[in-house]
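For what it's worth, our numbering labels the leading residue of the sequence shown as 7, then goes sequentially. Structure record follows, encoded as structure tokens.
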Amino acid sequence: MKKSLFSIGYMSKFTGVHIKSLRYYEEIGVLIPEYVDPETNYRYYSYQQIPTVMALRFCLELGIPLINFKKYHDTVSGYLHYDDLLKDGQVLLDKKVDELNKIISYIYTSVQEIQESEKQTRGVIFQRSLERMDVLLRLEQSNKQNHFNNIGLMIDEAKSQGLETGFVPGSFNIFDENKFRNYTFIDINANKHNVDIMFFPKGTYLCIQDKGISVNDAPTIFPDIYKSYAKVLAIATEVFTSKYDLNSPLIELRVIGIKDETYWEQTFGNSNFKL
7 MKKSLFSIGY
17 MSKFTGVHIK
27 SLRYYEEIGV
37 LIPEYVDPET
47 NYRYYSYQQI
57 PTVMALRFCL
67 ELGIPLINFK
77 KYHDTVSGYL
87 HYDDLLKDGQ
97 VLLDKKVDEL
107 NKIISYIYTS
117 VQEIQESEKQ
127 TRGVIFQRSL
137 ERMDVLLRLE
147 QSNKQNHFNN
157 IGLMIDEAKS
167 QGLETGFVPG
177 SFNIFDENKF
187 RNYTFIDINA
197 NKHNVDIMFF
207 PKGTYLCIQD
217 KGISVNDAPT
227 IFPDIYKSYA
237 KVLAIATEVF
247 TSKYDLNSPL
257 IELRVIGIKD
267 ETYWEQTFGN
277 SNFKL
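The structure is reproduced here in structure tokens:
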């Protein structure tokens with residue numbers, strides 16, 4: 007019988023699957039050797055089992071749990087359902103590609119931010135044109151720990167709503183009727199059909215980069231804009247630098263005066279403001 011079979015070592019060499027993995031497949035019942043020598047306990051396999059090993063390898067590479075493999079392998083009929091395996095694999099692969107694209111976008115964004123920050127002089131006001139930024143937000147509490155707790159809660163909220171988070175968490179405050187309200191925010195890639203989503207408007211912002219500043223410093227740093235506008239939005243977020251200071255990161259503070267009453271009411275009005 008052994009003449010028509012080959013050893014576990016040959017199967018490993020031919021398929022590129024480690025011997026320990028082949029033994030594990032046997033343990034969980036997804037790949038049983040054709041023959042086990044009762045004297046030596048050596049395992050032997052048939053050529054017909056090679057496609058099964060390759061399918062198992064395919065599952066591992068795509069992240070399909072091996073416990074699910076039996077739904078693709080009909081041991082009674084002897085059929086391996088590659089169509090279902092490939093369909094499930096494609097779904098997982100598409101998800102991995104999306105995750106990789108997000109990582110690539112994060113890298114490009116970070117590199118661009120580092121390059122931009124190196125052009126700026128600390129403590130000097132400059133202008134920056136920014137696109138609309140969709141956000142989730144929560145009322146800011148008094149201590150730093152609550153700030154990070156808020157970010158964690160919003161990340162969970164975004165996941166529950168199927169929203170993809172971005173890379174720009176931070177704080178902001180709104181100045182309205184001579185009152186200030188502080189909030190924590192994270193940026194999101196929102197569904198375009200979600201009309202209730204909140205956002206920071208597209209426009210030209212006055213900005214400054216420095217250490218140790220916050221949204222509470224905005225009226226002192228940008229007094230003219232608070233004199234000129236009844237409603238002001240101030241945003242503070244950390245800036246990526248080539249040498250990132252873990253203890254005191256560089257902060258970019260941005261402010262913009264708001265004339266659009268409709269935007270202000272829709273975004274920050276009590277009926278739509280999610281705290």
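The beta carbon of each residue, even a glycine, is placed where N, CA and C say it ideally should be.
Please classify VAL42: is it buried, with 16 or more other beta-carbons within 10 angstroms of its beta-carbon, or exposed? exposed
To the nearest angstrom, how far is the alpha carbon of SER248 from that of GLU119? 10 Å
Excluding sequence positions up to five away, which residues of its chain have a Cβ less than 8 Å from the Cβ of ASP90? LYS77, TYR78
Go ahead and pull the three-state DSSP assignment for HIS199. Unreliable placement is indicated for HIS199, whose pLDDT of 46 sits below 50; no coordinate value is reported for it.
Tell me the residue span of the alpha helix (DSSP H) that contains TYR112. 88-125
Less than 8 Å separating the beta-carbons of LEU256 and LYS217? Yes, they are a contact pair.
Would you kindly work out how many angstroms separate the C-alpha atoms of ALA164 and PHE246, rounded to a whole number? 23 Å
So, helix, strand or coil for HIS153, using DSSP? helix
Segments of 4+ residues assigned as alpha helix (DSSP H) that fall wholly inside the region 220-264: Fully enclosed alpha helix (DSSP H) runs of 4 or longer: 224-227, 229-234.
Would GLN215 and ARG128 qualify as a contact pair, given that the criterion is a beta-carbon distance under 8 Å? yes
Roughly how many angstroms lie between the CA atoms of ASP182 and ILE194, to the nearest whole one? 25 Å
Looking at TYR51 and PHE12, is the spacing between their C-beta atoms short of 8 Å? yes
Counting beta carbon pairs with one atom in the region 166-178 and one in the region 227-241, are three or more of them shorter than 8 Å? Yes, the region 227-241 touches the region 166-178.
Counting Cβ pairs, one atom from each stretch, are 3 or more of them under 8 Å apart for the region 111-125 and the region 94-101? Because the criterion of three Cβ pairs below 8 Å is not met, the region 111-125 and the region 94-101 do not touch.
Is the Cβ-Cβ distance between ASP266 and ALA196 less than 8 Å? no
Report the option in ILE227, ASP100, PHE206, CYS213 whose CA atom is closest to the CA atom of GLN272. PHE206
Use the C-beta contact count for PRO39: other C-beta atoms within 10 angstroms, 16 or more gives buried, fewer gives exposed. Classification of PRO39: buried, given that the 10 Å Cβ count is 16 or more.
How would you label GLU258, buried or exposed, when you count the other beta carbons within 10 angstroms and need 16 or more for buried? buried
Would you mind sorting GLY15 into buried or exposed? The rule is 16 or more other CB atoms within 10 Å of its CB. exposed
I'd like the span of the beta strand (DSSP E) that includes ARG134, first residue to last. 132-136
Let me check understanding here. Comparing Cα to Cα, which of GLU105, GLY35, LYS108 lies closest to LEU72? GLY35
To the nearest angstrom, how far is the alpha carbon of TYR85 from that of LEU106? 34 Å
What is the DSSP secondary structure of SER52, reduced to helix, strand or coil? Coil, per DSSP.
GLU45 versus GLY158: straight-line alpha-carbon distance, rounded: 59 Å
Quick one: residues in its chain with C-beta nearer than 7 Å to the C-beta of CYS65, no 5 flanking neighbours on either side, listed in chain order? Contacts found: LEU72, PHE75.
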